[in-house]
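If you read the sequences in order, they're chains A and B. Heads up: the first sequence begins at 0 in numbering that gives the first Met the number 0, then just goes up one per residue. Heads up: the second sequence begins at 0 in numbering that gives the first Met the number 0, then just goes up one per residue. Ideal Cβ placement from N, Cα and C applies to all residues, glycine included. Presented below is the structure to which this report refers.
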Amino acid sequence: MKQPVVKKQRTLAAETWRRFKKNKLALTGMIVILTLVVIALSTMVIDFVTDKAIYNDYVIKQNLRMRLQGPSREHIFGLDEFGRDIFMRMIWAVRYSLFMGTIAIALSTILGGLLGAVAGYYGKISDNIIMRFMDVLLAIPSMLLATAIVAALGTSLTNVLIAIAISYVPTYARTVRASVLTIKDQEFIEAARAMGASDVRIIFKYILPNSMAPLIVQATLGVAGAILSIAGLSFLGLGIQPPTPEWGSMLSSARAYIREGWHITVIPGLGIMITILSLNVMGDGLRDALDPRLKN
Amino acid sequence: MADVLLRVEHLKKYFDTPGGTLHAVDDISFDLNRGETLGVVGESGCGKSTLGRTILRLYEPTDGTVYFENQEITSLSNKSMKVLRRDMQIIFQDPFASLNPRMTVSEMIAESLLIQKIFTRKQGPQLRARVTELMDLVGLSSKLINSYPHELDGGRRQRIGIARVLALDPKFVVCDEPVSALDVSIQAQILNLMQDLQDEFGLTYLFITHDLSVVKHLSNDIIVMYLGQMVEKAPAKELFSHPMHPYTRALLSAIPVPDPDYAVDRVLLKGELTSPIDPVPGCRFAKRCPFVTEACTKADIPLREITPGHFVACILV
């Protein structure tokens, strides 16, 4: 008898990657983000190895005679209003802008996702309690809420993170709840229940994977929003404290000098823009790659 | 003496709706013998599917008891119910909606084995072997192992639904209109497959359908439901040769005959289906019945055994 040929089973991650890399734009976005991650990690290593010597000498040391000097061979992005090298500051700032935004959004996605899934799946009382609480949070503008939380907890990196994470939770809870509601009454959920699957298994294996697409898009957009929120908080003096470099605060403090030197606003602005754009195209690509119905 | 696998007694399932209480399943009782098939027919919305799901406790019954192998299952805890789910399974109507779009064929079949802990994740090779065996059993080519449901046609999808049920080696399967979403040519394949599997594994089916020719072909006994109630129950042959309830007669006369010259005397029903929300006492079919009398609307009509094994809920018979 002929032995049937059994194809090797592919894991979900391998399958997703195979489809993701076909999307060149998304791949470019991911390369940009990965480059930024590498830059952020290397600056952290450099700080650790040199005991912040480079940071102190090149990133925060002021040189007022050279202030607002335009881009040159020596300083490719020019110097800022205190005569600091913008290129160095941009590089050292990546970790705050990118990592803090990502961590904050990761926290609120996990928390909001779980709350939304529970609210949508169990419905009734738990839905009411969770969603009314989310409504209360949603009623306060997220920037104001984050400001209030930082003001109450005190200014520190961790508190800024917590503040931003909390202020974004309702968005994710709502997104996930809505998609859970459309999925939970489908027959395949009932089929799982008929097989004896537990609620936890149903939520994690059936409901969440099927409601991932809007969540991923929302999260990549959210990172962009969180980067701006961190910048905003820094501008108000509640976020990253000067002289620590951060793209948002660099942009806001440069505003006053926009007529004297174009480069000091354009460069942090471009940094934020490119990062956010890369995150968005990467998110789009990821969403398509995670959806087997669009498989090609 | 017949070996009763499933006994349903006075099963009721009511739903609370804003307009009142909806009597989806209203006082249904029957016995189902091991290895036999019980057909349940009735028009859309008469509670056929709800009956099947209430028996499996996918819906909690409002009242009544279900015995499975002489064990009362209506009051079992969720934990003991999970164990019992190995023996009681369901094949769904819509093979498009009843499969998780994010799982491949093999994952879906393996899922029931993993949930019931027949295999664990660590037993990868054995699990894969069993999945391939099951796919072979239901006639799915093993090259489809990594396919997603949207890549397959309705017939193949329904085969996945059957394979994942068979994986648990059940004794009793509720078939909730398993072929009504399929093309006629594929219907026959799936029905034959289900019959072969019944013979091979001694399965007991509760076969829910609105297609009378399908149940005639498959069932030992047939229940006719109308608005949540059982109006007639008889062995299949008896029901087709001597339908007694006016509703059954109307149903049977509606079966199309594949002969254009054949003139049928159709019993045409007038009027709309009465609402199953807060029904009034009396025969629920009375409003549409061509033979209605005054007595029909006075009180509920009990089932009576007219000839051995043939029960009818009609006072005119």
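Selection from the options that minimises the alpha carbon distance to residue i
i	options	result
residue 233 of chain B	B/4, B/215, B/209 and B/162	B/215
residue 51 of chain B	B/207, B/77 and B/21	B/207
residue 8 of chain B	B/166, B/145, B/202 and B/229	B/229
residue 308 of chain A	A/243, A/234, A/259 and A/242	It is not possible to answer for residue 308 of chain A, since the shown part of chain A is limited to 0 through 295.
residue 34 of chain B	B/180, B/196, B/183 and B/316	B/196
residue 334 of chain B	B/204, B/42, B/271 and B/111	This structure leaves residue 334 of chain B out entirely; chain B is present only between 0 and 316.
residue 225 of chain B	B/26, B/64 and B/123	B/26
residue 104 of chain A	A/231, A/284 and A/218	A/218
residue 310 of chain B	B/221, B/116, B/122 and B/254	B/221
residue 70 of chain A	A/262, A/282, A/284 and A/268	A/262
residue 63 of chain A	A/56, A/49 and A/78	A/78
residue 122 of chain B	B/193, B/109, B/205 and B/296	B/109
residue 64 of chain B	B/42, B/92 and B/24	B/24
residue 174 of chain B	B/131, B/182 and B/189	B/189
residue 163 of chain A	A/172, A/141, A/184 and A/170	A/141
residue 224 of chain A	A/275, A/143, A/205 and A/204	A/275
residue 183 of chain B	B/205, B/203 and B/213	B/213
CA-to-CA distance, residue j to residue i, given in whole angstroms
i	j	result
residue 73 of chain A	residue 59 of chain A	17 Å
residue 37 of chain B	residue 53 of chain B	16 Å
residue 0 of chain B	residue 70 of chain B	With a pLDDT of only 48 at residue 0 of chain B, under 50, the local geometry of the prediction cannot be trusted, and no value is derived from it.
residue 260 of chain B	residue 171 of chain B	42 Å
residue 5 of chain A	residue 141 of chain B	Model confidence at residue 5 of chain A stands at a pLDDT of 44, short of 50, so the residue's coordinates are unreliable; what they give is reported in the following sentence. Each residue's Cα considered, the two are about 6 Å apart.
residue 30 of chain B	residue 5 of chain B	6 Å
residue 3 of chain B	residue 201 of chain B	13 Å
residue 90 of chain B	residue 66 of chain B	20 Å
residue 286 of chain B	residue 176 of chain B	28 Å
residue 322 of chain B	residue 100 of chain B	Because chain B here runs from 0 to 316, residue 322 of chain B falls outside it and cannot be looked at.
residue 146 of chain A	residue 155 of chain A	12 Å
residue 23 of chain A	residue 29 of chain A	10 Å
residue 208 of chain A	residue 109 of chain A	14 Å
residue 114 of chain B	residue 191 of chain A	9 Å
residue 66 of chain A	residue 53 of chain A	20 Å
residue 317 of chain B	residue 164 of chain B	There is no way to answer for residue 317 of chain B, as the model of chain B reaches only from 0 to 316.
residue 169 of chain B	residue 130 of chain A	41 Å
residue 77 of chain B	residue 248 of chain A	56 Å
residue 186 of chain A	residue 153 of chain A	50 Å
residue 90 of chain A	residue 271 of chain A	12 Å
residue 28 of chain B	residue 85 of chain B	24 Å
residue 82 of chain A	residue 259 of chain A	13 Å
residue 41 of chain A	residue 167 of chain B	54 Å
residue 280 of chain A	residue 25 of chain A	5 Å
residue 295 of chain A	residue 211 of chain A	Any reading at residue 295 of chain A needs caution, since the residue's pLDDT is 49, under 50, leaving its predicted position unreliable; the model's value is listed next. Between residue 295 of chain A and residue 211 of chain A, the C-alpha separation is close to 19 Å.
residue 219 of chain B	residue 215 of chain A	52 Å
residue 139 of chain A	residue 79 of chain B	47 Å
residue 16 of chain B	residue 31 of chain A	55 Å
residue 104 of chain B	residue 73 of chain B	33 Å
residue 88 of chain B	residue 94 of chain B	15 Å
residue 18 of chain A	residue 287 of chain A	8 Å
residue 27 of chain A	residue 47 of chain A	30 Å
residue 198 of chain B	residue 133 of chain B	16 Å
Near the ligand FAD: residue i beta-carbon under 6 Å from a heavy atom
i	result
residue 174 of chain B	As for the ligand FAD, it is missing from this structure, which has no ligand bound.
**Message:** Which runs of the alpha helix (DSSP H) at least 4 residues long sit entirely within the segment 234-294 of chain A? Give them in chain order.
**Reply:** 246-253 and 262-289
**Asked** Is there contact between the segment 176-185 of chain A and the segment 116-135 of chain A, where contact requires at least three CB pairs shorter than 8 Å?
**Response** yes
**Message:** Three Cβ pairs or more, each shorter than 8 Å: is that satisfied between the segment 90-98 of chain A and the segment 28-38 of chain A?
**Reply:** yes
**Any 3 or more C-beta pairs closer than 8 Å across the segment 238-253 of chain B and the segment 276-291 of chain B** = yes
**Request:** Could you please tell me which residues of the segment 187-215 of chain A, in chain order, have their CB closer than 9 Å to any CB of chain B?
**Result:** 187, 188, 189, 190, 191, 192, 193, 194, 195, 196, 197, 200, 204, 205, 208, 209 and 211
**Message:** Which complete alpha helix (DSSP H) runs does the segment 184-214 of chain A hold, if anything under 4 residues is left out?
**Reply:** 186-193
**Asked** At a cut of 8 Å, does the segment 272-279 of chain B reach the segment 7-27 of chain B through at least three beta carbon pairs?
**Response** yes
**Prompt:** What residues in the segment 248-275 of chain B have a beta carbon less than 9 Å from any beta carbon of chain A?
**Reply:** none
**Request:** List in chain order: all unbroken beta strand (DSSP E) runs of 3+ residues lying wholly within the segment 21-108 of chain A.
**Result:** none
**Request:** Could you run through the segment 34-63 of chain B and flag, in chain order, every residue whose CB is less than 9 Å away from some CB of chain A?
**Result:** 52, 55 and 57
**Message:** Just to confirm the assignment: which complete alpha helix (DSSP H) runs, minimum length 4, are found wholly within the segment 125-190 of chain B?
**Reply:** 153-165
**Request:** Output the residue ranges of the beta strand (DSSP E) runs that lie fully inside the segment 1-60 of chain B and measure 3 residues or longer, sorted by chain position.
**Result:** 3-16, 19-32 and 36-40
**Asked** Do the segment 251-266 of chain A and the segment 121-135 of chain A meet, that is, are 3 or more Cβ pairs less than 8 Å apart?
**Response** no
**Request:** Taking a Cβ distance cut-off of 8 Å, strictly less, list which residues of the segment 109-123 of chain B are near chain A, in chain order.
**Result:** 110, 111, 114 and 115
**Asked** For the segment 158-190 of chain B, which residues have a CB atom closer than 8 Å to at least one CB atom of chain A, in sequence order?
**Response** 160, 163 and 167
**Contiguous alpha helix (DSSP H) assignments of at least 4 residues, all confined to the segment 111-179 of chain A** = 123-138 and 141-152
**Asked** What are the residues of the segment 83-100 of chain B that lie near chain A, defined by any Cβ-Cβ distance shorter than 7 Å?
**Response** 84, 88, 89, 91, 93, 96, 97, 98, 99 and 100
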